[in-house]
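Let me begin by presenting the structure, written as structure tokens, before commenting on it.
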Amino acid sequence: MKYKIKSICCIGAGYVGGPTMAVIADKCPNVVVEVVDVNKERIDDWNNENFDKLPVYEPGLSEIIKRCRNRNLFFSTLIEDKIRNADMVFISVNTPTKTKGVGAGKASDLKWVEACARQVAKFAKGHTIVVEKSTLPVRTAEVIKSILESSEKNSLTESNDSSFDVLSNPEFLSEGTAINDLVNPDRILIGGEKEDAIEALCDVYRNWVSEEKILKTNVWSSELAKLTANAFLAQRISSINSISALCEETGADVREVSRAIGSDSRIGSKFLQSGPGFGGSCFKKDILNLVYLSEFFGLPEVATFWEGVVKLNNWHQKRISKLVVKKLFGTVANKKITILGFAFKANTNDTRESSAIPICKDLIEEGAILKIHDPKVDPNQISRDLGKEQKKEKDLAKEGDWIFEKNIKSACLDSDALIILTEWSDYSQIDWIEIENVMRKPSWIFDSRSVIDPKDFVKSNLNVWRVGDGSIL
Ligand code: NAD
Ligand code: UDX
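Numbered as in the working numbering, the sequence shown ends at 486 without a single skipped number.
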């Protein structure tokens, strides 16, 4: 083999860089893995002695960090140094939607990716394989390559012996199950031109992934496949959420509809769970990117088709907050409402694009007093997401304030309504008699995640709404 990888540098110690490199270090003990980031606080958290304080919460992650950290896995801010010593550099930085300029609101902002490419161009020594791990618009590899090549030609590099290959290796992990997804991936996708470089990356994955799961494509197919996978998954959620609204009007039950259609092997049963709308840092951003690309390449019909998935999601989130207000006699002003779950899904501390954010903002706008509980999300993160500090003196909370609650029962004290927004397992084990006793009457339970069992409510006086359940209305 032409290139044998002994040292990896990953730029970006976030939700992808951290867990992905931890698994690579765990599975490849002979490879030194250096994760670098500009954010010193984040790096300090990765190096925290207290494994409960790592910056990313993922089941199984802290055990791997315990095994590998300071063995062959290192976290630091020494970006230049670690690029110099790497045979392979992964770019795993954020690529959010642009907020201004050309393509604002749709195109991905590539300024961080470009900054990485320039740093690699400047500091790399010898032959370096640059791997796009971030999700990128189609043809970004070309941009990275031209930055690297121009520095080769213009001797902008520190050393004059540098050369590069660029590969696309998108990540398909889901938060909350990231470690399992990384250890047992459905596939590893590698897009590239040069066989030697592709082989070198395959060789890293072969330490734990079987050959038939490693798919090799051209760079453009790999980049587009990542956007397409997320668009298809999100489209299924918008589809089922649209049907849930119809179920509520017609007396059907969306769980029964999901089971019935999911049993068709052509449709399949996954990603048919109606909820409060999809969140997370990827789906909306990646679909909007696809919309932008379609418009850019003169395909307005394609753009409109995919934009519909995001529009339906926005509508569905709004539908839930409106419905809560309607059921509480048209006003929530000064009423206490318990929010169970703020993360965008269970088993993560990530709140990016969580449906809880617009739903809570709507209710705060309507004057409700929110009592928010989440087992993993930091209350400071909720403050940032809601653009509002929590009321520290709980008893003085008034119209439009919010309070963080550590305990589910105290979160329900005197509340008129309780809304389940994340499917944390704790919420399916609630003793509803106990909750009924502490809530103000008439009390409402809104379950946007189908975690409750309606049978538990037969003898209670609680009013219950479940997403897509026309049979209990
Ligand atoms: P993140 O925001 O959690 O982490 C990105 C990190 O990159 C940050 O810590 C930031 O400080 C750092 N960074 C940015 N510019 C830098 C620079 N020039 N030098 C050093 N560090 C720099 O983002 P994430 O969720 O890990 O996502 C990273 C990429 O992976 C995105 O393109 C995303 O679309 C993609 N992705 C994310 C997921 C997911 O579940 N979060 C899954 C698959 C793919
Ligand atoms: C997604 C993709 O699944 C993953 O492959 C990609 O690498 C990154 O984006 P992630 O956003 O972490 O992963 O979580 P995912 O499980 O896809 O959930 C996204 C959102 O959809 C969550 O808000 C989740 O609650 C919601 N969802 C998911 C539903 O509402 N119903 C479902 O049936 C599945």
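Glycine included, every Cβ here is placed at the ideal spot set by N, Cα and C.
Test item: CB-CB of LEU341 and CYS373 under 8 Å: Working through the sequence shown from its first residue, we reach residue 341 at position 328. Working through the sequence shown from its first residue, we reach residue 373 at position 360. Contact flag unset, no.
Distance CB(GLU449)-CB(ALA359) smaller than 8 Å: For this step, residue 449 is matched to residue 436 along the sequence shown. For this step, residue 359 is matched to residue 346 along the sequence shown. In this structure, ALA359 does not lie closer than 8 Å to GLU449 by Cβ.
Exposed unless 16 or more other CB atoms sit within 10 angstroms - verdict on SER105: Along the sequence shown, one-based indexing puts residue 105 at 92. Counting C-beta atoms within 10 angstroms of its own C-beta, SER105 has 16 or more neighbours from the protein chains shown and is therefore classed as buried.
Element boundaries [alpha helix (DSSP H), containing LYS298]: Numbered from 1 along the sequence shown, position 285 holds the residue referred to as residue 298. For LYS298, the enclosing alpha helix (DSSP H) begins and ends at 296-309.
Burial state of THR33, where buried means 16 or more other Cβ atoms lie within 10 Å: Taking the sequence shown and counting its residues from 1, one reaches residue 33 at position 20. Buried, by the Cβ-count rule.
Any non-hydrogen atom of the ligand NAD closer than 7 Å to ARG397 Cβ: Here residue 397 refers to the residue found at position 384 of the sequence shown. Answer for ARG397: no, Cβ out of range of the ligand NAD.
Beta-carbon proximity check, LYS146 vs PHE87, cutoff 8 Å: Along the sequence shown, one-based indexing puts residue 146 at 133. Along the sequence shown, one-based indexing puts residue 87 at 74. Contact: no.
Top-ranked residue by Cα proximity to ALA26, from LEU409, GLU224, CYS129, ILE56: Indexing the sequence shown from 1 puts residue 26 at position 13. Nearest option by C-alpha distance: ILE56.
With 16 other Cβ atoms within 10 Å as the buried cut-off, status of ARG479: For this step, residue 479 is matched to residue 466 along the sequence shown. Around the beta carbon of ARG479, a 10 Å sphere encloses 16 or more other beta carbons of the protein chains shown; the residue is thus reported as buried.
Counted within 10 angstroms of its Cβ, other Cβ atoms place PRO109 as buried (16 or more) or exposed: Walking along the sequence shown from the start, residue 109 turns up at place 96. With fewer than 16 Cβ atoms within 10 Å of its Cβ, PRO109 is classed as exposed.
Cross-strand partners of ASN476 (DSSP beta bridge): Taking the sequence shown and counting its residues from 1, one reaches residue 476 at position 463. Its beta-bridge partners are TRP457.
Beta-bridge pairing of SER147 - partner residues as DSSP gives them: Locating residue 147 in the sequence shown gives position 134, where the first residue counts as 1. As far as DSSP is concerned, SER147 takes part in no beta bridge.
Secondary structure, alpha helix (DSSP H): runs of 4+ residues fully inside the stretch 231-287: Correct list: 232-263, 267-275.
Closest by C-alpha distance to ASN61, when choosing among PHE185, SER89, SER257: Locating residue 61 in the sequence shown gives position 48, where the first residue counts as 1. Cα-wise, what sits closest to ASN61 is SER89.
MET14 classed as buried or exposed, judged by whether at least 16 other C-beta atoms fall within 10 angstroms: Your numbering for residue 14 matches position 1 in the sequence shown. With fewer than 16 other Cβ atoms within 10 Å, it is exposed.
Assigned secondary structure, ALA134 (DSSP; H/G/I helix, E/B strand, else coil): For the purposes of this step, residue 134 is taken as residue 121 along the sequence shown, with counting starting at 1. Collapsing the DSSP output to three states places ALA134 in a helix.
GLY204 - partner residues in DSSP beta bridges: Working through the sequence shown from its first residue, we reach residue 204 at position 191. For GLY204, which the question treats as bridged, DSSP gives the partners SER181, THR230.
Where TRP415 falls: helix, strand or coil (DSSP): As a first step, residue 415 must be located in the sequence shown, where it is residue number 402. If DSSP states are grouped into helix, strand and coil, TRP415 belongs with the strands.
Assumed close pair ILE142, LEU195 - CB separation to whole angstroms, cut-off 8 Å: Stepping through the sequence shown from its first residue, residue 142 is reached at position 129. Stepping through the sequence shown from its first residue, residue 195 is reached at position 182. About 20 Å; that fails the 8 Å criterion.
Contact under 8 Å by Cβ, VAL337 with ALA430: Translated into positions along the sequence shown, residue 337 becomes position 324. Translated into positions along the sequence shown, residue 430 becomes position 417. Yes, they are a contact pair.
According to DSSP, residues forming a beta bridge with THR110: Reading the sequence shown from its first residue, position 97 is the one you call residue 110. In the DSSP assignment, THR110 forms a beta bridge with SER121.
Neighbourhood of ARG453 by C-beta, 6 Å cutoff - its chain only, sequence neighbours within 5 removed: For the purposes of this step, residue 453 is taken as the residue at position 440 of the sequence shown. Answer for ARG453: ASP427, ASP429, listed in chain order.
Span separating the alpha-carbon of LYS349 from that of LEU383: One-based indexing of the sequence shown puts residue 349 at position 336. One-based indexing of the sequence shown puts residue 383 at position 370. Taking the Cα positions, LYS349 is about 6 Å away from LEU383.
Check whether ASP391 and GLY354 have beta carbons under 8 Å apart: Indexing the sequence shown from 1 puts residue 391 at position 378. Indexing the sequence shown from 1 puts residue 354 at position 341. The Cβ atoms of ASP391 and GLY354 lie no closer than 8 Å to each other.
Cβ contact check for the stretch 195-208 and the stretch 232-240: 3 or more pairs under 8 Å: Touching, yes, given that three or more Cβ pairs across the two stretches are closer than 8 Å.
C-beta atoms of GLY288 and SER282 nearer than 8 Å: Here residue 288 refers to the residue found at position 275 when the sequence shown is read from its first residue. Here residue 282 refers to the residue found at position 269 when the sequence shown is read from its first residue. In this structure, SER282 does not lie closer than 8 Å to GLY288 by Cβ.
C-alpha gap between SER210 and ILE78, whole angstroms: Taking the first residue of the sequence shown as 1, we reach residue 210 at position 197. Taking the first residue of the sequence shown as 1, we reach residue 78 at position 65. Sequence inspection shows Ala at residue 210; the Ser mentioned does not correspond to that position. In this structure, the straight-line span from the alpha carbon of ALA210 to that of ILE78 is close to 28 Å.
Buried/exposed call for ARG82, threshold 16 Cβ in 10 Å: Locating residue 82 in the sequence shown gives position 69, counting from the first residue. ARG82 should be labelled buried.
Exposed unless 16 or more other CB atoms sit within 10 angstroms - verdict on GLY30: Counting from one through the sequence shown, the residue named residue 30 turns up at place 17. With 16 or more other Cβ atoms inside 10 Å of its own Cβ, GLY30 counts as buried.
Selected residue, minimal CA-CA separation from ALA356, among GLU225, SER423, PHE291, ALA381: Along the sequence shown, read from residue 1 onward, the residue named residue 356 stands at position 343. Of the candidates GLU225, SER423, PHE291, ALA381, the one whose C-alpha sits nearest the C-alpha of ALA356 is PHE291.
Counted within 10 angstroms of its Cβ, other Cβ atoms place VAL471 as buried (16 or more) or exposed: By one-based count along the sequence shown, residue 471 stands at place 458. So VAL471 ends up on the exposed side.
Distance between TRP125 and CYS22 (C-alpha atoms, nearest Å): Along the sequence shown, read from residue 1 onward, the residue named residue 22 stands at position 9. Along the sequence shown, read from residue 1 onward, the residue named residue 125 stands at position 112. About 16 Å.
Whole-number beta carbon distance between ILE96 and ALA130, since they are thought to touch under 8 Å: Counted from its first residue, the sequence shown places residue 130 at position 117. Counted from its first residue, the sequence shown places residue 96 at position 83. Contact between ALA130 and ILE96 is ruled out by a C-beta separation of about 11 Å, above the 8 Å threshold.
C-alpha gap between ILE17 and ALA134, whole angstroms: The count along the sequence shown starts at 1 and reaches residue 17 at position 4. The count along the sequence shown starts at 1 and reaches residue 134 at position 121. Residue identity check: residue 17 is Lys in the sequence provided, not Ile. C-alpha separation (whole angstroms): 21 Å.
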